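Report on the structure given below.
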Amino acid sequence: MLERQPRKNRTEVTFILPADTPPGPVSVVGDFNDWQPGAHPLMPRRDGTRAVTLALPGGVEHSFRYLAAGDYWFNEESADGHDGVNSRLRT
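Read in order, the letters of the sequence shown are residues 0 to 90 in the numbering used here.
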């Protein structure tokens, strides 16, 4: 799931997944972090989910995916769209 909070010249995007699906560590990887695995890991939250919030430039479209343990790549179902193997996000 994605949550967005518009700010002055950026959008704060929170990437949210269930606590155990998939199991193990998960990070969000995309053009906003040069596709660097582990740069933005999702962390546990009190409500039983895990998440990470990034401040991204407004008015931009980004490609991203999630990377879980075992080199398991997967997409965000609630993304703005999909481009080949990547999820798309508009800020």
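Even for Gly, the Cβ is constructed at its ideal location relative to N, Cα and C. Given the structure is predicted, the values throughout are model-derived calculations rather than measurements.
Check whether residue i and residue j have beta carbons under 9 Å apart
i: Arg87; j: Ser62; result: yes
Cβ-based neighbour list, residue i, same chain, cut-off 7 Å, excluding 5 preceding and 5 following
i: Gly37; result: Ser26
i: Gly23; result: Ala67, Ala68
i: Asp81; result: Per the sequence shown, residue 81 should be read as His rather than Asp. The answer, listed in chain order, is Asn74, Arg87.
Sequence-distant residues of its chain with Cβ nearer than 6 Å to residue i (five each side left out)
i: Glu11; result: Gln4, Thr52, Ala54
Identity of the residue in the options nearest residue i by Cα
i: Glu2; options: Arg49, Tyr71, Asp33; result: Arg49
i: Asn8; options: Gly57, Asn85, Asp79, Trp34; result: Gly57
i: Asp33; options: Gly47, Pro21, Arg64; result: Arg64
i: Asp70; options: Met0, Gly83, Pro21; result: Pro21
Own chain partners of residue i with C-beta closer than 8 Å, once the 5 adjacent residues on each side are dropped
i: Gln35; result: Val28
key: Meets three-Cβ-pair contact criterion under 8 Å: the segment 35-46 and the segment 13-25   = yes
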